[in-house]
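Undergrad:
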Amino acid sequence: MLVTRETTDVLRLRSYIMRYMRDWFHEKGFLEFQTPILAENAGGAVARPFATTSTEFRSKELALRIAPELWLKRLVVGGVEKVFEMGPAFRNEGIDLSHNPEFTMCEYYNAYASLQDLIDQTEELISGLAHHCQDLISTKLMALPAVDLARYARPYKQVEFLPELQSRLGFTFPDLSSPKAKESLITLLQDHSIPLPTDAHTSPLPKLLDKLAGDHLEPDSLSSPLFIIHHPAIMSPLSKSFLCPKTNQLVSARTELFVNGRELANMYEEENSPFEQRRKFVEQALRNSEEGEEVHVDESYIQALESGLPPTGGWGCGIERLVMLFSGARRISDTLSFGNLRNVVGLGPGRARR
Numbered sequence: 014m015l016v017t018r019e020t021t022d023v024l025r026l027r028s029y030i031m032r033y034m035r036d037w038f039h040e041k042g043f044l045e046f047q048t049p050i051l052a053e054n055a056g057g058a059v060a061r062p063f064a065t066t067s068t069e070f071r072s073k074e075l076a077l078r079i080a081p082e083l084w085l086k087r088l089v090v091g092g093v094e095k096v097f098e099m100g101p102a103f104r105n106e107g108i109d110l111s112h113n114p115e116f117t118m119c120e121y122y123n124a125y126a127s128l129q130d131l132i133d134q135t136e137e138l139i140s141g142l143a144h145h146c147q148d149l150i151s152t153k154l155m156a157l158p159a160v161d162l163a164r165y166a167r168p169y170k171q172v173e174f175l176p177e178l179q180s181r182l183g184f185t186f187p188d189l190s191s192p193k194a195k196e197s198l199i200t201l202l203q204d205h206s207i208p209l210p211t212d213a214h215t216s217p218l219p220k221l222l223d224k225l226a227g228d229h230l231e232p233d234s235l236s237s238p239l240f241i242i243h244h245p246a247i248m249s250p251l252s253k254s255f256l257c258p259k260t261n262q263l264v265s266a267r268t269e270l271f272v273n274g275r276e277l278a279n280m281y282e283e284e285n286s287p288f289e290q291r292r293k294f295v296e297q298a299l300r301n302s303e304e305g306e307e308v309h310v311d312e313s314y315i316q317a318l319e320s321g322l323p324p325t326g327g328w329g330c331g332i333e334r335l336v337m338l339f340s341g342a343r344r345i346s347d348t349l350s351f352g353n354l355r356n357v358v359g360l361g362p363g364r365a366r367r
């Protein structure tokens with residue numbers, strides 16, 4: 014681990030970033046909580062969980078959480094209006110330059126915050142972090158490259174998901190809530206000679222839409238931070254939704270922040286109707302079954318919503334992505350004290366260090 018000054022400076026910067034974020038939340042009146050990591054349902058995001066069992070509950074399959082979202086929103090239901098957590102999350106998926114099955118997630122929930130409030134808070138936090146990291150790099154962590162502060166001047170650029178995609182692709186999208194939406198969209202892409210993702214015919218519609226945004230919208234963030242706003246509602250089962258007057262499509266009160274071509278933060282106004290949330294959970298489960306992923310409807314969370322979740326804004330960000338951004342690290346493994354899962358397994362008991 015302690016091979017070069019740059020290696021240790023990246024890890025030091027990680028610690029400083031987490032401290033800065035905690036201070037920022039505390040100054041805003043947020044309270045920090047630790048929520049369950051092991052539970053019956055993973056919940057809170059679209060990802061494949063790690064499954065396990067317990068000697069205490071032999072007949073139940075348990076899961077490591079993929080996000081703390083549903084637990085934190087239960088706290089808001091219980092009357093704590095500003096909550097946050099920084100802690101581990103687990104997703105049973107691949108390893109690459111920017112993904113590891115175990116990572117650190119920061120999420121916060123702010124009662125009565127709108128989508129615009131979340132955008133303003135995000136710009137304040139990220140721009141503040143940029144200046145803080147540059148101060149550290151210029152005085153203490155001098156093995157790291159300087160942060161280009163001009164890139165983080167506010168406000169950040171915004172584009173609307175569907176209007177911008179339609180403009181760039183040259184056609185109007187079909188009704189994305191219809192059963193034949195995916196087939197119709199694929200036909201339109203083929204008719205306009207737009208290359209299809211290799212798994213277009215087997216992936217659910219939300220993944221196809223996400224891929225199109227990745228190809229045609231996200232590259233705009235290579236030069237400056239970019240908010241992509243108002244995703245189609247089918248991509249955001251936990252978000253409030255509304256009818257877009259520009260496209261007549263059902264879209265979500267959601268945005269993602271991209272920097273350097275990578276997603277940095279995801280935020281939205283939370284769905285607080287128990288009836289709408291159950292419907293969206295069921296639709297999500299049906300879509301994910303198309304690719305062999307099992308998604309459970311979290312009835313205990315629905316019951317919590319029935320007690321009354323106030324209008325709430327929620328936000329999530331991977332800590333490692335922040336560290337990569339401000340340290341210049343090109344691999345997520347460089348931001349982890351003992352590397353990615355391959356490194357950790359290789360350093361396990363009985364394995365020689367290489």
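Counting in my numbering, the sequence shown runs from 14 upward without gaps. We put the beta carbon where it would ideally sit given N, CA and C, even for glycine. Because the structure is a prediction, the values reported are computed rather than measured.
For Pro232 and Glu69, I'd like the C-alpha separation in whole angstroms.
TA: As a working note, residue 232 is residue 219 in the sequence shown. As a working note, residue 69 is residue 56 in the sequence shown. Cα to Cα, Pro232 sits roughly 49 angstroms from Glu69.
Undergrad: State yes or no: is the C-beta of Ala64 within less than 8 angstroms of the C-beta of Ala76?
TA: Within the sequence shown, numbered from 1, the residue matching residue 64 stands at position 51. Within the sequence shown, numbered from 1, the residue matching residue 76 stands at position 63. Yes. Within cutoff.
Undergrad: Assuming Ser140 and Tyr165 form a contact by the criterion Cβ under 8 angstroms, report the distance between their Cβ atoms to the nearest whole angstrom.
TA: Translated into the one-based positions of the sequence shown, residue 140 becomes position 127. Translated into the one-based positions of the sequence shown, residue 165 becomes position 152. Confirmed, Cβ separation roughly 5 angstroms.
Undergrad: Going by beta carbon distance, what residues of the same chain come within less than 7 angstroms of Ser28, once the five residues before and after it are set aside?
TA: Locating residue 28 in the sequence shown gives position 15, counting from the first residue. Cβ neighbours of Ser28 beyond the five flanking positions: none.
Undergrad: Residue ranges of each alpha helix (DSSP H) run of no fewer than 4 residues wholly in the segment 320–360, ordered along the chain?
TA: Runs of the alpha helix (DSSP H) inside the segment 320–360: 332–340, 354–359.
Undergrad: Whose CA, out of Gln290, Ile199, Leu239, lies closest to the CA of Lys220?
TA: Taking the first residue of the sequence shown as position 1, residue 220 is located at position 207. Taking only the C-alpha atoms, the option nearest Lys220 is Ile199.
Undergrad: Could you say which of Asp311, Tyr281, Glu282, Ala278 lies nearest to Phe294 if we only look at CA atoms?
TA: The residue given as residue 294 occupies position 281 in the sequence shown. When only C-alpha atoms are compared, the closest one is Asp311.
Undergrad: Within a Cβ cutoff of 8 angstroms, which residues of the same chain sit near Tyr281, ignoring the five residues on either side of it in sequence?
TA: The sequence position of residue 281 within the sequence shown is 268, counting from 1. Excluding positions up to five away in sequence, the list reads Leu128, Leu131, Ser249, Leu251, Ser252, Lys253, Ser265, Ala266, Arg267, Thr268, Gly326, Gly327.
Undergrad: Apply the 10 Å Cβ neighbour rule to Ala159 and answer buried if 16 or more other Cβ atoms are within range, or exposed otherwise.
TA: As a position in the sequence shown, residue 159 is number 146, starting the count at 1. Per the 10 Å Cβ criterion, exposed.
Undergrad: Taking DSSP's pairing of strands, which residues face Asn279 in a bridge?
TA: What you label residue 279 is simply residue 266 of the sequence shown in a count that begins at 1. DSSP, once it has assigned bridges, lists Glu269, Gly329 as partnering Asn279.
Undergrad: Could you tell me the distance, in whole angstroms, from the CA atom of Phe288 to the CA atom of Pro208?
TA: In the sequence shown, counting from the first residue as 1, residue 288 sits at position 275. In the sequence shown, counting from the first residue as 1, residue 208 sits at position 195. Roughly 38 angstroms separates the two Cα atoms.
Undergrad: Does the Cβ-Cβ distance between Cys146 and Cys330 come in under 8 angstroms?
TA: Position 133 of the sequence shown, counting from 1, holds the residue named residue 146. Position 317 of the sequence shown, counting from 1, holds the residue named residue 330. Not closer than 8 angstroms, so no.
Undergrad: Pull up the distance between the alpha-carbon of Leu225 and that of Leu178, whole angstroms please.
TA: As a working mapping, residue 225 is identified with position 212 in the sequence shown. As a working mapping, residue 178 is identified with position 165 in the sequence shown. Approximately 8 angstroms between the Cα atoms of the pair.
Undergrad: Gln316: which of Leu222, Asn285, Gly352 sits nearest, CA to CA?
TA: As a first step, residue 316 must be located in the sequence shown, where it is residue number 303. The option with the nearest alpha carbon to Gln316 is Asn285.
Undergrad: Determine the closest residue to Val172 out of Leu230, Lys41, Gly321, with distance taken between C-alpha atoms.
TA: In the sequence shown, residue 172 corresponds to position 159, counting from 1. Cα-wise, what sits closest to Val172 is Leu230.
Undergrad: How long is the line joining the alpha carbons of Asp228 and Pro101, rounded to whole angstroms?
TA: Mapped onto the sequence shown, residue 228 falls at position 215. Mapped onto the sequence shown, residue 101 falls at position 88. So the two alpha carbons sit approximately 30 angstroms from each other.
Undergrad: Could you compute how far the alpha carbon of Met90 sits from the alpha carbon of Asp36?
TA: The residue labelled residue 90 in the question sits at position 77 within the sequence shown. The residue labelled residue 36 in the question sits at position 23 within the sequence shown. Note that residue 90 is Val in the sequence shown here, rather than Met. Between Val90 and Asp36, the C-alpha separation is close to 24 angstroms.
Undergrad: From Val16 to Arg355, what distance separates their C-alpha atoms?
TA: On the sequence shown, position 3 is the one that residue 16 refers to. On the sequence shown, position 342 is the one that residue 355 refers to. The straight-line gap from Cα to Cα measures roughly 18 angstroms.
Undergrad: According to DSSP, is Val264 part of a helix, a strand, or is it coil?
TA: By 1-based counting over the sequence shown, the position of residue 264 is 251. Strand at Val264.
Undergrad: Which residues share a DSSP beta bridge with Glu115?
TA: Locating residue 115 in the sequence shown gives position 102, where the first residue counts as 1. Beta-bridge pairing links Glu115 to Phe103.
Undergrad: For Gln203, which residues from the same chain have a beta carbon less than 8 angstroms from its beta carbon, with the 5 sequence-adjacent residues on both sides left out?
TA: Numbered from 1 along the sequence shown, position 190 holds the residue referred to as residue 203. Excluding residues within five positions, the ones whose Cβ falls inside 8 angstroms are Leu209.
Undergrad: Note down the Cα distance separating Leu263 from Ser180, rounded to an integer number of angstroms.
TA: Residue numbering aside, residue 263 sits at position 250 when the sequence shown is read from its first letter. Residue numbering aside, residue 180 sits at position 167 when the sequence shown is read from its first letter. So the alpha carbons of these two residues sit roughly 18 angstroms apart.
Undergrad: From which residue to which residue does the beta strand (DSSP E) around Ile150 run?
TA: The residue you call residue 150 lines up with position 137 of the sequence shown. Taken as a continuous stretch (DSSP letters only), Ile150 belongs to no beta strand (DSSP E), being part of the alpha helix (DSSP H) at 128–152.
Undergrad: Return the CA-CA distance between Glu40 and Leu138, expressed in angstroms with no decimal places.
TA: Stepping through the sequence shown from its first residue, residue 40 is reached at position 27. Stepping through the sequence shown from its first residue, residue 138 is reached at position 125. Those two C-alpha atoms are separated by around 12 angstroms.
Undergrad: Which whole-angstrom value describes the C-beta separation of Leu335 and Leu142, a residue pair presumed to lie in contact below a C-beta threshold of 8 angstroms?
TA: Walking along the sequence shown from the start, residue 335 turns up at place 322. Walking along the sequence shown from the start, residue 142 turns up at place 129. Indeed, because the Cβ distance is near 7 angstroms, the residues count as touching under 8 angstroms.
Undergrad: Whose C-beta lies closer than 7 angstroms to the C-beta of Arg25 among residues of the same chain, with five residues either side of it excluded?
TA: One-based indexing of the sequence shown puts residue 25 at position 12. So the qualifying residues of the chain are Leu154.
Undergrad: Hey, quick one: how far does the beta strand (DSSP E) through Leu239 stretch, first residue to last?
TA: Working through the sequence shown from its first residue, we reach residue 239 at position 226. 239–242 is the span of the beta strand (DSSP E), which, as asked, contains Leu239.
Undergrad: Which two residues bound the contiguous alpha helix (DSSP H) that contains Leu225?
TA: Mapped onto the sequence shown, residue 225 falls at position 212. 218–229 is the span of the alpha helix (DSSP H), which, as asked, contains Leu225.
Undergrad: Taking its Cβ as the centre, do 16 or more other Cβ atoms sit within 10 Å of Phe255, making it buried, or is it exposed?
TA: Locating residue 255 in the sequence shown gives position 242, counting from the first residue. Exposed.
Undergrad: For the segment 167–226, which segments carrying the beta strand (DSSP E) assignment without a break, of at least 3 residues, lie completely within its bounds, in sequence order?
TA: 170–173, all fully within the segment 167–226.
Undergrad: So the alpha helix (DSSP H) Phe38 belongs to, where does it begin and stop?
TA: To locate residue 38, count along the sequence shown from 1; it is residue 25. Unbroken alpha helix (DSSP H) run through Phe38: 18–40.
Undergrad: Using three-state DSSP, classify Asp161 as helix, strand or coil.
TA: Taking the sequence shown and counting its residues from 1, the one referred to as residue 161 is at position 148. Residue state, collapsed to three classes: coil.
Undergrad: What residue from Leu44, Leu88, Gln134, Phe43 has the CA that sits closest to Arg318's CA?
TA: Taking the first residue of the sequence shown as 1, we reach residue 318 at position 305. Residue identity check: residue 318 is Leu in the sequence provided, not Arg. The candidate whose alpha carbon is nearest that of Leu318 is Leu88.
Undergrad: For Asp311, does the three-state DSSP call read helix, strand or coil?
TA: If you number the sequence shown from 1, residue 311 lands on position 298. If DSSP states are grouped into helix, strand and coil, Asp311 belongs with coil.
Undergrad: Glu98 by DSSP, collapsed to three states: which one?
TA: Start at 1 with the first residue of the sequence shown, and residue 98 comes out as number 85. Looking at Glu98 - three-state DSSP - the assignment turns out to be strand.
Undergrad: Skipping 5 residues on each side, what residues in its chain have a beta carbon closer than 7 angstroms to that of Ile345?
TA: For the purposes of this step, residue 345 is taken as the residue at position 332 of the sequence shown. Once the five neighbours on either side are set aside, the close Cβ partners of Ile345 are Leu110, Ser111, His112, Asn113, Glu333, Met337, Asn353.
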